[in-house]
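Enquirer: Residue numbers (the numbering used here): 2 to 237. Don't be surprised by glycine CBs; every beta carbon is placed ideally from N, CA and C. Here you go, one structure.
Printed below as a string of structure tokens:
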């Protein structure tokens with residue numbers, strides 16, 4: 002069992018460092034592009050970092066168990082040989098992971114906006130007013146578990162190349178941070194394009210932090226459109 006706990010500890014450190022590096026990079030970009038945008042938010046940012054580092058452990062432990070199970074026991078459906086499956090399966094599996102994760106996030110996110118659940122759990126995340134680049138993992142431990150355990154569970158069910166899984170984690174990390182920066186880094190031409198109508202960026206998610214009862218998605222606006230919860234974009 003020493004191996005699995007060492008893997009869990011290592012993954013916790015990796016997730017924490019990844020969070021600090023990515024959020025720190027985009028916070029620095031915010032300081033450069035929009036000086037003073039986070040002025041007066043020091044106490045809030047410290048809370049965001051504190052909750053996020055707790056979330057790093059909740060993300061890291063199952064990730065470490067998955068990594069150990071893959072390398073030492075062959076428990077998962079992660080593979081490293083590109084010839085193990087047709088090459089077309091690589092982008093398909095990437096998109097499938099993102100679509101399933103987005104669906105899980107949308108419905109659990111709506112559940113977390115039920116009054117009792119919101120007060121107990123999700124209010125931690127919405128205490129970020131306005132959200133900052135440090136808020137992407139600013140979750141109550143229960144929410145961190147709900148959000149963070151889904152992708153590790155998928156690798157036991159759906160085959161995915163280790164490179165595609167790394168891309169899933171990269172997309173999850175970068176979009177989580179950029180959607181919470183409190184300002185839109187992508188050009189208006191993209192945000193208001195046909196593609197932007199289906200993709201989530203800071204303009205879309207910022208409206209969720211303003212109005213609460215809309216724009217619940219993570220990567221895509223599909224479920225928001227289908228369920229009538231899409232309220233367009235704001236201008237953070």
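The alpha helix (DSSP H) that contains residue 46, what's its start and end?
Expert: In the DSSP assignment, residue 46 falls within the alpha helix (DSSP H) that extends over 43-69.
Enquirer: Based on DSSP bridge pairs, tell me the residues matched to residue 200.
Expert: 221
Enquirer: So for residue 161, helix, strand or coil by DSSP?
Expert: Of the three classes helix, strand and coil, the one that applies to residue 161 here is strand, per DSSP.
Enquirer: Output needed for residue 1: all residues of its chain with C-beta closer than 6 Å, excluding positions within five of it in sequence on either side, in chain order.
Expert: Outside the shown range of the chain (2 to 237) lies residue 1, about which nothing can therefore be said.
Enquirer: Would you list the one or two residues that DSSP bridges to residue 80?
Expert: When beta bridges are read from the DSSP output, residue 80 appears opposite 162.
Enquirer: Relative to the C-alpha of residue 119, which candidate in 6, 232, 224, 214 has its C-alpha closest?
Expert: 214
Enquirer: Pick helix, strand or coil for residue 135, following the three-state DSSP scheme.
Expert: Looking at residue 135 - three-state DSSP - the assignment turns out to be coil, as it is neither helix nor strand.
Enquirer: Suppose contacts are defined by Cβ-Cβ distances below 8 Å. Is residue 62 in contact with residue 109 by that definition?
Expert: Going by C-beta atoms, residue 62 is not nearer than 8 Å to residue 109.
Enquirer: Leaving out the 5 sequence neighbours to the left and right, which residues in its chain are closer than 8 Å to residue 91 when beta-carbon positions are compared?
Expert: The beta carbon of residue 91 lies closer than 8 Å to those of 83, 162, 164, 165 in the same chain, with the five residues before and after it left out.
Enquirer: Considering only residues of the same chain and omitting the five flanking positions on each side of residue 223, which have a CB-CB separation below 7 Å?
Expert: 199
Enquirer: Closest by CA to residue 148, which one among 179, 133, 111, 134?
Expert: Closest option to residue 148, Cα to Cα, is 111.
Enquirer: If you follow the alpha helix (DSSP H) that residue 27 is part of, which residue opens it and which one closes it?
Expert: 3-34
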